[in-house]
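Notes for the one structure printed next.
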Amino acid sequence: MGLDTTKPLSTLHERASFEVADFEVPTGREEEWRFTPLRRLRGLHNGSADADGKIIIEAAPAPEVTVETVARDDARLGKAFVPADRVSAQAWASFTEATVVTVPKEVEASAPTVLRLRGEDASAAAYGHTTVILEPFARATVVLAHRGSATYADNVEFVVGDGAALSVISLQDWDDDSVHVSHQYARLGRDARFTSHNISLGGDLVRVSPSVAYDGPGGDAELYGVYFADGGQHLEHRLLVDHSVPNCRSRVDYRGALQDQDAHAVWIGDVIIRAEAEGTDTYELNRNLVLTDGTRVDSVPNLEILTGEVAGAGHASASGRLDDEHLFYLQARGIPFDQARRMVVRGFLGQLVERIEVADVRAKVEAAIEAELDR
Numbered sequence: 009m010g011l012d013t014t015k016p017l018s019t020l021h022e023r024a025s026f027e028v029a030d031f032e033v034p035t036g037r038e039e040e041w042r043f044t045p046l047r048r049l050r051g052l053h054n055g056s057a058d059a060d061g062k063i064i065i066e067a068a069p070a071p072e073v074t075v076e077t078v079a080r081d082d083a084r085l086g087k088a089f090v091p092a093d094r095v096s097a098q099a100w101a102s103f104t105e106a107t108v109v110t111v112p113k114e115v116e117a118s119a120p121t122v123l124r125l126r127g128e129d130a131s132a133a134a135y136g137h138t139t140v141i142l143e144p145f146a147r148a149t150v151v152l153a154h155r156g157s158a159t160y161a162d163n164v165e166f167v168v169g170d171g172a173a174l175s176v177i178s179l180q181d182w183d184d185d186s187v188h189v190s191h192q193y194a195r196l197g198r199d200a201r202f203t204s205h206n207i208s209l210g211g212d213l214v215r216v217s218p219s220v221a222y223d224g225p226g227g228d229a230e231l232y233g234v235y236f237a238d239g240g241q242h243l244e245h246r247l248l249v250d251h252s253v254p255n256c257r258s259r260v261d262y263r264g265a266l267q268d269q270d271a272h273a274v275w276i277g278d279v280i281i282r283a284e285a286e287g288t289d290t291y292e293l294n295r296n297l298v299l300t301d302g303t304r305v306d307s308v309p310n311l312e313i314l315t316g317e318v319a320g321a322g323h324a325s326a327s328g329r330l331d332d333e334h335l336f337y338l339q340a341r342g343i344p345f346d347q348a349r350r351m352v353v354r355g356f357l358g359q360l361v362e363r364i365e366v367a368d369v370r371a372k373v374e375a376a377i378e379a380e381l382d383r
């Protein structure tokens, strides 16, 4: 199915284009930018960034999976998406080579494919592009592990063929001086399954925008996220699920914790059910746990429903402090306050962390959460 770029997706997503000039420079008053501190983007949003930066990519593919470095004119690039904002369009216009991951038809990968992306200098901007292709009835897990110091904008395409199943784990574990603006576009074929885990822990400013579109009925998407923001960090996740064909399913569950002065978490969840998407089943949830004074949470779930023939549609958002009853229950059984606090936070985030099927990544996330609590 081709991409229709001639009409707005919705009132919240009014334009899409590969041309940077088609997007005005954000001022911060726009709905899609009003929560993002533009002055901290280091020019990624207005074209003033020095684009001499570099991201080093190390690939560890499963035996059945091919990983290639290709030029920007490779025919497989740009088939599954159209940039949704100026930074995404700038990243498309600026990358020089891309990484393509291919899982052949009817192949089940015997191990995760890991891409380690490392930055070594945050003083200059780098732009990147990654395309992951699962041919029909293939099955695979892909890990994107980000670390080091960088000012980085990229687009990631996930093309999931008919009957295929892809699980993606994206770990943002940057150094404290890093800025990362990432757009993740998934397109699902008939009866395809897509699961993503976005874990944001490090960086000065991280803004990740996952989206899902369906090319055939029976598609199933589950989007999970865990984040832990501490003093001065800005962690933002903006999700879009576009139900445009009948009988597809989506589930979204993002959870975060915040502590220390000026920690800021933003979660925007948009689900669109178009008139032709009868039988849609969708639900999105965001929950935030505030551990100290001085933090800020912005959580905005949206549903745009253009048909009355849905199997289910709902959303929920909640932000609050540690539950005094939970703490009292644990302390009444002889558990010290600090330990009780840790147990509550572990349980709150752990329900999603335990869904990460790659043991090494799961252990790393658990250790990072413990380190945050130690602070």
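Residue numbering for the sequence shown follows the working numbering, beginning at 9 and increasing consecutively.
Where is the CB? At the ideal position from N, CA and C, for every residue including glycine.
Can you look up residue 128 in the DSSP assignment and give me helix, strand or coil? strand
Can you check DSSP and say which residues form a bridge with residue 182? Note: residue 182 sits in no beta bridge, so no partner.
Three-state class that DSSP yields for residue 192 in the structure shown: strand
Going by beta-carbon coordinates alone, are residue 199 and residue 153 separated by less than 8 Å? no
Is the beta carbon of residue 306 less than 8 Å from the beta carbon of residue 353? no
For residue 366, collect the residues of the same chain with a Cβ closer than 8 Å to its Cβ; drop the 5 residues on either side in sequence, then sort them by chain order. Taken in chain order, the residues that qualify are 120, 149, 151 and 177.
Is it buried or exposed for residue 10, if we count other Cβ within 10 angstroms and need 16 for buried? The predicted model places residue 10 with a pLDDT of 43, which falls under 50 and marks its position as unreliable, so this point remains unresolved.
Pick out whichever of 185, 98 and 283 has its Cα sitting closest to the Cα of residue 32. 98
Compute the beta-carbon to beta-carbon distance between residue 289 and residue 257, rounded to the nearest angstrom, for a pair I have assumed lies under 8 Å. About 5 Å; that satisfies the 8 Å criterion.
Counterpart residues of residue 312 in DSSP-defined beta bridges: 280
Count the CB pairs spanning the segment 32-43 and the segment 136-143 that are closer than 8 Å, and state whether there are at least three. no
Residue 303 vs residue 266 beta-carbon contact at 8 Å: yes
Rounded to the nearest angstrom, what separates residue 191 and residue 219 at their Cα positions? Approximately 8 Å, taken between the alpha carbons.
For the segment 43-78, which segments carrying the beta strand (DSSP E) assignment without a break, of at least 3 residues, lie completely within its bounds, in sequence order? 63-68
Are the CB atoms of residue 88 and residue 135 within a distance shorter than 8 Å? no
Where does residue 349 sit, in a helix, a strand or coil, going by DSSP? If DSSP states are grouped into helix, strand and coil, residue 349 belongs with the helices.
Could you tell me which residues DSSP puts in a beta bridge with residue 294? In the DSSP output, where bridge partners are listed per residue, residue 294 has 262 and 325.
Are the CB atoms of residue 311 and residue 282 within a distance shorter than 8 Å? no
Between which residues of its own chain and residue 13 is the CB-CB distance below 7 Å, once the five residues before and five after are set aside? Low confidence applies to residue 13: its pLDDT is 42, below 50, so where it sits in the model is not reliable, and the reading given next is rough at best. These residues qualify, in order along the chain: 24, 25 and 90.
Is it true that the CB of residue 261 sits closer than 8 Å to the CB of residue 174? No, the pair does not count as a contact, with Cβ atoms beyond the cut-off.
I need the boundaries of the alpha helix (DSSP H) containing residue 217, first residue and last residue. From DSSP, residue 217 is part of no alpha helix (DSSP H) but of the beta strand (DSSP E) over 213-222.
Would you list, in sequence order, the uninterrupted alpha helix (DSSP H) runs of no fewer than 4 residues that lie entirely inside the segment 133-161? The segment 133-161 contains no whole alpha helix (DSSP H) run of 4 or more residues.
Contact set for residue 329: own chain, Cβ-Cβ below 7 Å, skip 5 residues either direction: 298
CB-CB under 6 Å to residue 323, same chain, minus the five flanking residues each way: which ones, in chain order? 292, 309 and 311
Where does the unbroken alpha helix (DSSP H) through residue 377 begin, and where does it stop? 367-382
Taking the DSSP output, what are the residues bridged to residue 81? When beta bridges are read from the DSSP output, residue 81 appears opposite no residue.
Which of helix, strand or coil DSSP assigns to residue 360: helix
Secondary structure at residue 341, three-state DSSP: helix, strand or coil? coil
Do the CB positions of residue 117 and residue 70 come within less than 8 Å of each other? For residue 117 and residue 70, yes; Cβs fall inside 8 Å.
Residue 25: first and last residue of the uninterrupted alpha helix (DSSP H) it sits in: Unbroken run through residue 25: none, as it is neither H nor E.
Determine the direct distance from the alpha carbon of residue 73 to that of residue 55, and round the result to whole angstroms. Residue 55 and residue 73 have their alpha carbons spaced roughly 36 Å apart.
Other residues of its chain near residue 286: CB distance less than 8 Å, five sequence neighbours each side excluded: 254, 255, 315, 317 and 318
With 16 as the cutoff for other CB atoms within 10 Å, does residue 364 come out buried or exposed? With 16 or more Cβ atoms within 10 Å of its Cβ, residue 364 is classed as buried.
By alpha-carbon positions, which one of 201, 167 and 159 ends up nearest to residue 48? 159
Residue of 201, 92, 122 and 242 minimising C-alpha distance to residue 40: 92
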